[in-house]
Amino acid sequence: MEFPTWAEVDLDRFGRNVAAIQAAIGPGCKILLVVKADAYGHGAVEISHTAMDAGVSML
């Protein structure tokens with residue numbers, strides 16, 4: 019028996035979450051985000067651009 023699986027990534031929500039984490043840790047701390055294996059099939063380029071736009075310092 020097979021069960022189809024799908025995941026939907028809301029890039030706007032992801033960006034807001036990254037920005038909220040940055041606000042919580044303060045301006046003196048930087049976020050390094052690890053994106054691997056094409057973000058496990060969720061689009062490394064899109065995830066990376068969204069993260070950088072939201073305040074991630076390093077990928």
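Residue 19 is where the sequence shown starts when you use the working numbering, and the numbers rise one by one after that.
C-beta: ideal position from N, C-alpha, C; glycine also.
Here the structure is a predicted model, which is why all the values come from computation and not from measurement.
Pick from the options that is closest to residue i, judged by C-alpha positions
i: Ser75; options: Asp56, Tyr58, Asp30 and Gly44; result: Gly44
i: Met70; options: Phe21, Ala37, Trp24 and Val27; result: Ala37
i: Trp8; options: Gly59, His67 and Ser66; result: With the chain represented from 19 up to 77, any question about residue 8 goes unanswered, as that position is not in the structure.
Spatial distance of residue i from residue j (CA atoms)
i: Ala62; j: Val52; result: 10 Å
i: Met19; j: Leu77; result: 39 Å
i: Arg31; j: Ala42; result: 16 Å
i: Leu29; j: Ser66; result: 10 Å
i: Ile49; j: Pro22; result: 34 Å
Cβ shell of residue i (< 7 Å), same chain only, five flanking positions each side left out
i: Ala72; result: Gly33, Val36 and Ala37
i: Lys54; result: none
Spatial neighbours of residue i in its chain, beta-carbon cut-off 6 Å, leaving aside the 5 residues before and after
i: Val27; result: His60
i: Cys47; result: none
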